[in-house]
Structure formats: C-alpha cells, structure tokens
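Enquirer:
Residue numbers (our numbering): 38 to 448.
1) Helix, strand or coil for residue 86 per DSSP?
2) Report the partner residues of residue 146 according to the DSSP bridge assignment.
3) The alpha helix (DSSP H) that contains residue 226, what's its start and end?
4) Closest to residue 183 by C-alpha separation, out of 175, 208, 302, 214, would be which residue?
5) With a 10 Å radius around its C-beta and 16 neighbouring C-beta atoms as the bar for buried, classify residue 266 as buried or exposed.
6) Distance, Cα to Cα, residue 30 vs residue 327?
7) Going by other Cβ atoms of all chains shown within 10 Å of its Cβ, with 16 needed for buried, is residue 137 buried or exposed?
8) Buried or exposed: residue 323, going by 16 or more other Cβ atoms within 10 Å of its Cβ?
9) Output the residue ranges of the alpha helix (DSSP H) runs that lie fully inside the stretch 280–312 and measure 4 residues or longer, sorted by chain position.
10) Nearest-angstrom Cα distance between residue 180 and residue 314?
11) Name the residue from 204, 225, 408, 221 whose alpha carbon lies nearest to the alpha carbon of residue 246.
12) Based on Cα-Cα distance, which residue from 330, 306, 268 lies nearest to residue 290?
13) Determine whether the beta carbon atoms of residue 348 and residue 386 lie at a separation below 8 Å.
14) Would residue 242 and residue 271 qualify as a contact pair, given that the criterion is a beta-carbon distance under 8 Å?
15) DSSP three-state label for residue 65, please.
16) Give the list of continuous alpha helix (DSSP H) stretches no shorter than 4 residues that lie fully inside the stretch 385–421.
17) Count the other CB atoms within 10 Å of the CB of residue 54; is the residue buried (16 or more) or exposed (fewer)?
18) Given a threshold of 16 other Cβ atoms within 10 Å of its Cβ, counted over all protein chains shown, does residue 431 qualify as buried or as exposed?
19) Give the secondary structure of residue 97 by DSSP, where H, G and I count as helix, E and B as strand, and everything else as coil.
20) If you check the beta carbons only, do residue 377 and residue 223 fall under 8 Å apart?
21) Using alpha carbons as the reference points, say which of 234, 252, 345 lies closest to residue 203.
22) For residue 434, which residues in the same chain have their Cβ closer than 6 Å to its Cβ, ignoring the five residues on either side in sequence?
23) How about residue 372 and residue 395: are their beta carbons less than 8 Å apart?
24) Drop a sphere of 10 angstroms on the beta-carbon of residue 292, count the other beta-carbons inside from all chains shown, and report buried for 16 or more, exposed for fewer.
25) Within this structure, are the beta carbons of residue 230 and residue 380 separated by less than 8 Å?
26) Taking the alpha-carbon of residue 417 as reference, which of 225, 425, 411 has the nearest alpha-carbon?
27) Is it buried or exposed, residue 415, if we count other Cβ atoms within 10 angstroms and call 16 or more buried?
28) To the nearest angstrom, report how far apart residue 336 and residue 187 are at their CA atoms.
29) By the 10 Å Cβ neighbour count, where 16 or more other Cβ atoms means buried, how is residue 354 classified, buried or exposed?
30) At what residues does the beta strand (DSSP E) containing residue 199 begin and finish?
31) For the beta strand (DSSP E) containing residue 186, list its first residue and its last residue.
32) Is the CB-CB distance between residue 248 and residue 129 below 8 Å?
33) Hey, quick one: how far does the alpha helix (DSSP H) through residue 364 stretch, first residue to last?
34) Please state if the CB of residue 392 and the CB of residue 364 are separated by a distance shorter than 8 Å.
35) Three-state secondary structure (DSSP) at residue 372?
36) Taking DSSP as the reference, what is the three-state secondary structure of residue 358?
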C-alpha cells in the first residue's frame with residue numbers, strides 16, 4: 038500500500054512551474070526506474086505465487102526429506118560446480134539427497150551409498166515439487182528464490198545459495214540472493230556487495246560463507262599453448278559488446294594472419310542462433326578459423342595465448358587457471374533490472390583486469406590486432422591476484438562440505 042500511494046503522488050502531482058536541473062532530473066529518473074523495476078518483480082511474484090498455489094492443489098508433494106540435506110541442480114551444465122561438494126560429502130560419510138531437473142545429470146554416475154540421486158523431471162515440474170519440498174537444508178545455484186517461479190517451501194528450515202563462479206554479483210538479476218538464508222561466496226567482493234545490498238534494502242543479514250570456486254578444484258592447469266591462437270569468447274545477450282563487434286574483430290585478426298578460435302557462450306545457440314549461423318557461414322571456410330562448439334572450454338582456453346572477451350566468468354578462468362592475459366571489451370552497459378544498478382561501486386573485474394589485463398573501449402576494436410601485439414604475461418602477477426581475490430583456491434569442495442555440516446549441526 039505505501040508503494041502504491043507513492044506512485045499515485047508522483048502520477049497526480051500538480052504543475053508547480055519549477056525548474057529541475059539536469060542532475061536532479063537524472064536522480065528522479067533513476068528513482069522512478071527503480072520503482073518500476075520493483076513493481077514488475079512484485080507483480081511477477083504475485084503471479085507465480087498464484088500459479089504455484091493452483092499447481093500444488095493438483096499435485097501432492099512427495100519430496101519428503103525432513104531433517105535431511107538436499108542439493109538441487111537445475112541442469113547438467115552446473116554439475117562441475119556441485120561435483121567437488123558431492124565428492125567431499127561422500128568422502129566424509131554424510132548422507133544427502135541430490136535432486137536434478139536434468140535426466141543426463143552426471144551425478145547419476147556417482148556410486149556411493151551416501152548420495153541419493155533423484156531425477157525430478159523438467160524444470161517446470163521440478164519447481165512445482167520443490168515449492169513444497171520438506172528438508173532441513175536446500176543447497177542450489179539457482180538465483181531469485183521467492184522472486185519468480187521458485188518459492189521458499191515452508192517445510193524447509195534453511196536455503197543456501199552456492200555461487201557458481203567467481204564473478205561479482207553486479208550482473209545477476211535484481212533480488213537474486215535476497216531470500217536465501219546463506220550464500221557460499223567465492224571472493225570478498227561478493228561478500229562486500231551482498232552486505233551493501235542488505236543494508237540498502239534493510240534486509241536481515243544472511244550468513245555469508247568464505248567458500249571459494251568449487252569447480253576450480255578439479256582443474257588441471259596446462260602450460261602448453263599455441264602462440265598464434267587468439268580466442269574470441271563473447272558472452273550472450275544484449276550485454277555483450279564483443280558479440281556485437283565480433284565479425285569486425287575476427288576479420289581484422291584474420292587479415293593480420295592471426296589464428297582465431299571463436300567460442301560463444303552456450304546460451305547463444307538458444308537465444309541468438311541466427312547470429313551464430315551467420316558467423317559460422319562467413320568464416321567456416323577460412324583456414325585460420327575454428328568455431329568451437331565443445332561443451333568444455335578447456336581446449337580453446339589451453340590453445341590460446343590471449344583471449345578477447347566481455348566482462349564475464351570466462352575471464353576469471355583465463356586469469357586464475359591459465360595465468361594468461363585477457364583483453365576485455367568495455368561498453369556503457371545499462372544495468373536496469375540487474376543488481377549492479379543498486380550497487381554504488383563498479384564491478385570488481387575492472388580492478389582485477391587493470392592489474393593483469395587490458396580493457397579496451399568498444400570504439401577502439403578496429404585496432405585490436407595492434408593491441409594484441411602489446412600483450413605481455415607475468416606469471417607471478419597472476420598467482421598474487423589469485424591469492425588476493427579467491428577463497429580456498431582448488432580446495433573449495435571440502436570447505437563447502439565442512440561449512441554445510443557445521444550449518445546442519447547449528448540449525
């Protein structure tokens with residue numbers, strides 16, 4: 038009701054014939070945008086809650102894991118995140134339940150008496166069941182709990198979010214973590230920004246754990262690579278300045294006799310498939326061009342001596358695991374609807390890339406071949422950055438398991 042009253046005051050205010058300076062006007066516009074975004078998510082929340090109510094009336098809940106630990110994985114793409122945790126729990130002799138929305142989830146292959154695997158069905162069916170699950174602790178990488186379709190079950194005592202990458206939280210959708218009871222973080226940047234949002238939104242402080250990036254545990258760092266390969270690895274969606282300029286960049290590189298690997302984000306094959314086909318048709322016959330469609334990115338990362346990317350998770354992998362210098366294409370990204378819109382500080386990746394990489398404005402991509410020739414790598418710098426910014430490098434799985442057991446005893 039207070040929110041509606043505030044909107045009505047803005048909507049029906051009388052003409053005051055007052056001058057509003059540009060700075061104040063900008064603040065008011067930002068304020069109004071924040072209100073609109075909040076209203077949208079609020080209405081979505083009401084809609085999905087009502088849908089969940091009608092769905093639950095048609096289907097009885099059979100996910101009864103009262104007083105037990107539950108891990109939920111929405112898809113096999115995140116198995117590499119859960120694998121170190123699953124293995125650590127099995128090694129510790131802890132019984133737990135692993136629920137998945139992917140029938141091909143590799144957890145099926147885990148042969149352990151301590152891991153109870155259950156395939157729930159597709160994502161929509163899974164959500165209906167999860168909204169009424171009975172459990173002591175539920176761990177997931179899925180964000181926006183209680184915001185969209187996925188609701189908090191009243192039969193669950195504690196919800197824990199496992200951050201799946203070392204990226205800062207700026208690029209997550211609004212309210213991605215607000216309703217979790219705890220978050221397993223990979224870096225101090227995430228901790229600081231989550232605390233900032235809690236204060237800004239007057240939320241009760243949640244438990245923020247110094248866990249680390251779990252999938253780094255299983256990564257073997259390779260020193261072998263081909264000096265001639267340049268990896269072009271754009272993220273997907275309208276936030277990708279690199280994807281917008283990728284054809285021009287690759288034409289420039291190929292004309293300068295560089296060998297190029299193009300590896301788009303897997304989501305691009307779904308959301309931007311026409312653009313992917315267009316790029317493939319244009320370059321597939323070039324002798325120095327490789328279009329990488331493999332599930333794992335390790336081959337492309339390993340072959341290249343330099344990578345061109347957006348501000349995305351693959352940049353961290355390149356720095357921390359391969360200890361090579363990334364070139365990041367910068368642009369004036371609009372953060373409406375994302376957590377970064379409410380965070381007062383810049384994404385931490387700017388600070389890191391300024392230390393061990395190069396940031397290139399999108400207006401300068403025409404000189405990318407000249408920029409690459411200035412790239413130099415200092416291995417010692419990468420090690421220092423990794424120690425500075427990551428929790429528990431290559432030991433995050435056992436740490437996550439220990440934290441989960443401590444949490445289980447406390448609740």
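Every residue gets a Cβ at the ideal spot worked out from N, C-alpha and C, and that includes glycine. What you are looking at is a predicted structure, and each value in this text was computed from that prediction instead of being measured.
Expert: The relevant details are as follows:
1) In this prediction, residue 86 scores a pLDDT of 48, lower than 50, which makes its location untrustworthy; the coordinate-derived value is nonetheless stated afterwards. Helix, per DSSP.
2) Paired residues: none, contrary to the question.
3) 225–237
4) 214
5) buried
6) Summary: the structure shown does not reach residue 30, with the chain confined to residues 38 through 448, and so no result is reported for it.
7) buried
8) exposed
9) 305–308
10) 31 Å
11) 221
12) 268
13) yes
14) no
15) Residue confidence is low: residue 65 scores 49 on pLDDT, short of 50, so the model does not pin down where it sits. Its coordinate-derived value is still stated next. Three-state DSSP puts residue 65 in a helix.
16) 385–393, 405–409
17) Because residue 54 carries a pLDDT of 46, less than 50, the predicted location of this residue cannot be relied on, and no value is offered for it.
18) buried
19) Because the pLDDT of residue 97 is 45, which lies under 50, any placement of that residue in the model is unreliable, and the question is left without a value.
20) no
21) 252
22) 121, 122, 125, 251, 254
23) no
24) exposed
25) yes
26) 425
27) exposed
28) 35 Å
29) buried
30) 193–199
31) No beta strand (DSSP E) contains residue 186, which DSSP labels as neither H nor E.
32) no
33) That residue, residue 364, is in no alpha helix (DSSP H); its beta strand (DSSP E) goes 363–367.
34) no
35) coil
36) coil
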